[in-house]
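Residue numbering for the sequence shown follows my numbering, starting at 193 and increasing by one per position.
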Amino acid sequence: MLHASLLSPGLDKFMKKIANLTRQSVWENQLKGNLTTIEEIRTDTLNDLQLLSEDFQHLHLVVTSVQQNYAALLKQNSQMRAMLLQVVDECFCWQGNRCDRCNAILQLLSNRQLE
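Take a look at the structure:
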């Protein structure tokens, strides 16, 4: 059985063309939407990387500050140790027969518990 179009051949051809254009238009709109989304993702990624870079820069400053403070603390500890040893050296007692104060200083410097 032959299928007879209810529309005139010109109108039938026009409707098919409109349907094809509509599919093409939907595809094009989807493509544009996808490209916009991809661009937004890329922009967000660049912004995230910039923020991460700023965080690393801040972390670097913090670590540098901690290093400087630790170096200063080590220097002070060294000076304090030298001063305490000088106190022991200048005391009237002598090695092998230290007074209580010098024994306490030497035990403290050797990290032993005071008895």
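Glycine is no exception: its CB is placed at the ideal position from the N, C-alpha and C atoms.
Endpoints, the alpha helix (DSSP H) within which residue i is located
i: arginine 293; result: 292-301
Residue i and residue j closer than 8 Å at C-beta
i: arginine 273; j: leucine 301; result: yes
Reference residue i, options the options, closest by Cα
i: valine 279; options: Thr235, Arg293, Ala263 and Leu238; result: Arg293
**OP:** Tell me the start and end of each unbroken alpha helix (DSSP H) in the segment 240-265 that is at least 4 residues and wholly inside, in chain order.
**Re:** You should have found no qualifying run.
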